[in-house]
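Notes for the one structure printed next.
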Amino acid sequence: MYALAGLLTVGMAVLEVAFLSNDFAFNTVADTSSRTTPAFYRAAAVWSSQEGSLLLWAWLMSLWSSLALFLTRRRLRDISAYATAILLGFAGFFVALMVIYANPFATTSPAPAEGVGLDPLLRFPTMMIHPPMLYSGYTLGIVPFAFAAGALLARRLDADWIRVIRRFSFAAWMFLGAGILLGARWSYSELGWGGYWGWDAVENASLMPWLTGTAFLHSLMIQEKRSRSWAPSSCAAGSSTRSMPSAGRPSESRSWC
């Protein structure tokens, strides 16, 4: 996982430099940026396309997963082995999508002299932090699921794994909540009251994993304080993780909003 995080970090850096330097040989740069696009929005345009969104998802997932595995390297070793395999499976799925379906590093030769430019609707200040916030919530939410599944496979019925991953569950809930609020602000500013109340597919879908994440946090607190059955915690973790790919699908199928 550490090696994958390093490789994806290099990939993000390469694509970021390509956007900032107007390297239109990259198809995603030519499709979502231009020389007249301000540098602030060129930097954020990395995740304004389907290809960039997949790269952002895989990159953040590899970083948060690596952090979780590093912090638990001396604890829950029997669970960490299963959790590592599960996290690598998720990461491998998104990397495979990039390689087979939406390669962010695809190039064209000769390179066009100018790009198409960024969608005017996406030229909003919070675009720099809204997608990373939302995707951090999604990818952090996979960490508790991996450890819950690992505890099941390792036949660990105690609550030790809950104490270890509780901070990741809370961080996922916080990031996702902040992303939803930022998305609501964008919808109101760009689309008016209709956009605020109706939202678009990205903001609407992201509410579901936030709600299941809220239920998961409550189940964690109940089990840790009262030593209740841990089945509800595992079910809530699974529900949250199941809803995340569905929530991410609208944002990956078009440019970020």
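Residues in the sequence shown are numbered from 289 upward in steps of one, following the working numbering. Don't be surprised by glycine CBs; every beta carbon is placed ideally from N, CA and C. Treat the numbers as computed from the prediction; the structure is a model and nothing was measured.
Cβ distance (whole Å) where residue i is taken to contact residue j below 8 Å
i	j	result
Leu344	Met289	Not really, about 17 Å apart at Cβ, beyond 8 Å.
Thr325	Leu406	5 Å
Leu295	Leu342	Contact doesn't hold; Cβ gap of about 15 Å is too wide.
Asp448	Leu364	6 Å
Ser322	Phe412	So it is not a contact: roughly 17 Å between Cβ atoms.
Leu308	Arg330	6 Å
Ala262	Val431	Residue 262 falls outside the range modelled here, since the chain spans only 289 to 545, and no answer is possible.
Thr396	Ala313	6 Å
Ser350	Ala379	6 Å
Gly377	Leu422	Actually they are not in contact, since the Cβ atoms of Gly377 and Leu422 sit about 22 Å apart, beyond 8 Å.
Buried versus exposed call for residue i [16 or more other C-beta atoms within 10 Å across all chains shown]
i	result
Glu259	An answer regarding residue 259 cannot be provided, because it is not within the stretch 289 to 545 covered by the chain.
Asp319	buried
Ser494	buried
Ile388	exposed
His418	buried
Ala291	exposed
Pro497	buried
Phe435	buried
Ala301	exposed
Ser534	Because the pLDDT of Ser534 is 46, which lies under 50, any placement of that residue in the model is unreliable, and the number read from its coordinates should be weighed accordingly. With fewer than 16 other Cβ atoms within 10 Å, it is exposed.
Residues near residue i by beta carbon distance below 7 Å, same chain, minus five either side
i	result
Leu428	Trp352, Phe456, Ala459, Ala460 and Phe463
Thr316	Ser337, Glu339, Gly340 and Pro392
Thr360	Ser368 and Val452
Leu508	Ile450, Arg454, Ser457 and Ser521
Ala442	Asp366, Ile367 and Tyr370
Val383	Ala346
Leu505	Ser457, Phe458 and Trp461
Gly425	Ala460, Phe463, Leu464 and Gly467
Cβ-based neighbour list, residue i, same chain, cut-off 8 Å, excluding 5 preceding and 5 following
i	result
Thr414	Leu470, Arg473 and Trp474
Ser299	First, the residue type needs correcting, since residue 299 is Gly and not Ser in the sequence shown. The answer, listed in chain order, is Leu343, Trp347, Pro392 and Phe393.
Pro400	Phe312 and Ala318
Pro420	Trp335, Leu344 and Leu348
Residue span of the alpha helix (DSSP H) that contains residue i, given as start and end
i	result
Val298	Tyr290 to Leu308
Ala318	Asn315 to Thr320
Arg330	Ala327 to Ala332
Arg337	Looking at the sequence provided, one finds Ser at residue 337 rather than Arg. Where Ser337 is concerned, there is no enclosing alpha helix (DSSP H), given that its DSSP letter is neither H nor E.
Cβ-based neighbour list, residue i, same chain, cut-off 6 Å, excluding 5 preceding and 5 following
i	result
Gly438	Ile367, Tyr370 and Ala371
Val334	Leu303, Glu304, Phe307 and Gly340
Ala293	Ser350, Leu351 and Ser354
Asn310	Arg323
Ala332	Met415 and Met416
Legend entry - Length-filtered (3 minimum) beta strand (DSSP E) runs lying within the region 377 to 426: Here no run is fully enclosed.
Inset, instruction - Note down, one range per segment and in chain order, each alpha helix (DSSP H) of at least 4 residues found wholly within the region 335 to 373. - result: For the region 335 to 373, whole alpha helix (DSSP H) runs of length 4 or above, ordered along the chain, are 338 to 359.
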